[in-house]
Ligand SMILES: C[S@@+](CC[C@H](N)C(=O)[O-])C[C@H]1O[C@@H](n2cnc3c(N)ncnc32)[C@H](O)[C@@H]1O
């Protein structure tokens with residue numbers, strides 16, 4: 632029986648879930664991106680939801696979606712079957728990103744919180760290296776609550792009976808510090824509702 636994100640049932644359950652304020656936060660993520668985008672990468676792309684949103688606003692932008700889940704990549708492949716500007720890569724984000732031509736933007740949604748903290752930090756450095764000068768990293772993700780009680784409130788608010796054992800939540804402020812340590816010039820939290828936060832970092 633496949634587990635985690637290789638389990639089609641987990642994928643179907645996730646894709647049917649409503650997350651409060653997600654649309655608002657995604658809109659703010661789009662607003663944080665540069666006006667001109669030639670190429671971007673989506674880390675933990677899932678079924679390609681965020682790629683589709685970015686490309687609605689930037690139809691000529693070429694996208695690379697990275698994920699390690701076969702059922703998610705299948706959904707994304709169906710979504711972009713007729714779109715030559717979208718490339719999907721099967722890659723485990725616990726491993727270093729492959730070197731490639733720098734891009735204008737790296738986005739991610741609800742994926743990086745699955746990585747151990749040390750890997751988050753090294754990934755932030757790799758993202759910094761992958762961006763052109765002035766490039767933007769926009770990450771809509773879950774961050775740790777200040778107290779266990781606040782965490783419980785968030786879990787109830789999003790209708791989850793139990794914690795996901797794969798979650799490795801880090802605090803918002805420490806992640807902003809890690810991004811600065813990775814070399815980003817400006818880092819900011821543009822949106823926050825409980826544990827859902829939009830972090831935007833710009834390369835000098
Ligand atoms: C909660 S889903 C989010 C999907 C999509 N970004 C969205 O906004 O709907 C998390 C995604 O991260 C992917 N993911 C988690 N850990 C990963 C890893 N180590 N390497 C690659 N992808 C990973 C999962 O397969 C899944 O598609």
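Residue numbers (my numbering): 632 to 835. Virtual Cβ for every residue (Gly too), placed ideally from N, Cα, C. Keep in mind that this is a model prediction, so the values were computed, not measured.
Excluding five sequence neighbours on each side, which residues of the same chain lie with their C-beta closer than 8 Å to the C-beta of residue 825? 776, 781, 784, 785 and 788
Applying the criterion that 16 or more other CB atoms from any shown protein chain within 10 Å of the CB defines a buried residue, is residue 748 buried or exposed? exposed
Residue 801 and residue 774 - do their beta-carbons sit closer together than 9 Å? yes
Taking a contact to mean a Cβ-Cβ separation below 9 Å, would you say residue 806 touches residue 834 in this structure? no
Touch test, the segment 695-706 against the segment 755-764, Cβ-Cβ under 8 Å, three pairs minimum: no
Hey, would you say the C-beta of residue 663 is under 8 Å away from at least one heavy atom of ligand 1? no
6 Å CB neighbourhood of residue 672 in its chain, flanking five on each side removed: 695, 734 and 737
What's the call for residue 769, buried or exposed, on a 16-neighbour Cβ count within 10 Å? buried
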